[in-house]
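Residues 1 to 115 in the UniProt record's numbering are what the sequence shown spells out, letter by letter. For glycine and all other residues, C-beta sits at the position ideal for the given N, C-alpha and C.
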Amino acid sequence: MEERQPELCRVEDALSILVGKWKPIILLHLLHEDTHRFNELKRKLPGITQKMLTKQLRELEDEDIVERTVYPQVPPKVEYAISEYGRSLEPILEAMHEWGQNHTLRKNQKNKDES
1 MEERQPELCR VEDALSILVG KWKPIILLHL LHEDTHRFNE LKRKLPGITQ
51 KMLTKQLREL EDEDIVERTV YPQVPPKVEY AISEYGRSLE PILEAMHEWG
101 QNHTLRKNQK NKDES
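Okay, structure coming up:
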């Protein structure tokens, strides 16, 4: 097994791409529900502004994680889908979800034990 050198750690690089209130949720929707139009995604994310959704999707597109397809019609039709490269994030996001769920249960149990 390759020895990890903390000074060469790329976790920060990975997190900089995934961090944000909305990015993991956007990615999970695209991973599990396939292609979405902009307004479909917006409806699935109550509380997100149009500006923020646009920003998050553009950042994910810039990293080749999300693909944007524009159809030449009137009115314009734009769809977003997870890229093949973006699919490589699925086990990471699932592991993070599972860890978060277990952590929440642990904290709740600890709070319950203390009261």
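Pairwise C-alpha distance: K51 and R4: Position 4 of the sequence shown holds residue 4. Position 51 of the sequence shown holds residue 51. The alpha-carbon atoms of R4 and K51 are separated by roughly 39 Å.
Under 8 Å between C-beta atoms of V74 and R37: Here residue 74 is taken as the residue at index 74 of the sequence shown, counted from 1. Here residue 37 is taken as the residue at index 37 of the sequence shown, counted from 1. No, the pair does not count as a contact, with Cβ atoms beyond the cut-off.
Unbroken stretches of the alpha helix (DSSP H), 4 residues or longer, contained in the UniProt domain "HTH hxlR-type" (9 to 108): 11 to 18, 23 to 33, 38 to 44 and 50 to 62
Is it true that the segment 51 to 66 meets the segment 95 to 112, where meeting means three or more beta-carbon pairs spaced less than 8 Å apart? no
Local Cβ density within 10 Å of I92, reported as buried at 16 or more and exposed below that: Start at 1 with the first residue of the sequence shown, and residue 92 comes out as number 92. Classification for I92: exposed.
For E114, name the three-state secondary structure that DSSP assigns. Reading the sequence shown from its first residue, position 114 is the one you call residue 114. Note: E114 maps to helix in three-state DSSP.
Is the Cβ-Cβ distance between V70 and S83 less than 8 Å? Taking the first residue of the sequence shown as 1, we reach residue 70 at position 70. Taking the first residue of the sequence shown as 1, we reach residue 83 at position 83. No.
Taking Cβ positions, are Y80 and L41 nearer each other than 8 Å? Position 80 of the sequence shown, counted from the start, is the residue given in the question as residue 80. Position 41 of the sequence shown, counted from the start, is the residue given in the question as residue 41. Cβ distance < 8 Å, so Y80 and L41 count as in contact.
When S16, L53 and L89 are compared against L28, the one with the closest alpha-carbon: As a working mapping, residue 28 is identified with position 28 in the sequence shown. When each option's Cα is compared against that of L28, the closest is L89.
For Q109, does the count of other Cβ atoms within 10 angstroms reach 16, so buried, or fall short, so exposed? As a first step, residue 109 is located in the sequence shown; it is residue number 109 there, counting from the start. Result: exposed.
Burial state of L30, where buried means 16 or more other Cβ atoms lie within 10 Å: By 1-based counting over the sequence shown, the position of residue 30 is 30. L30 should be labelled buried.
Proximity of I25 and L45 at Cβ, strictly below 8 Å: As a working note, residue 25 is residue 25 in the sequence shown. As a working note, residue 45 is residue 45 in the sequence shown. Cβ atoms of I25 and L45: closer than 8 Å.
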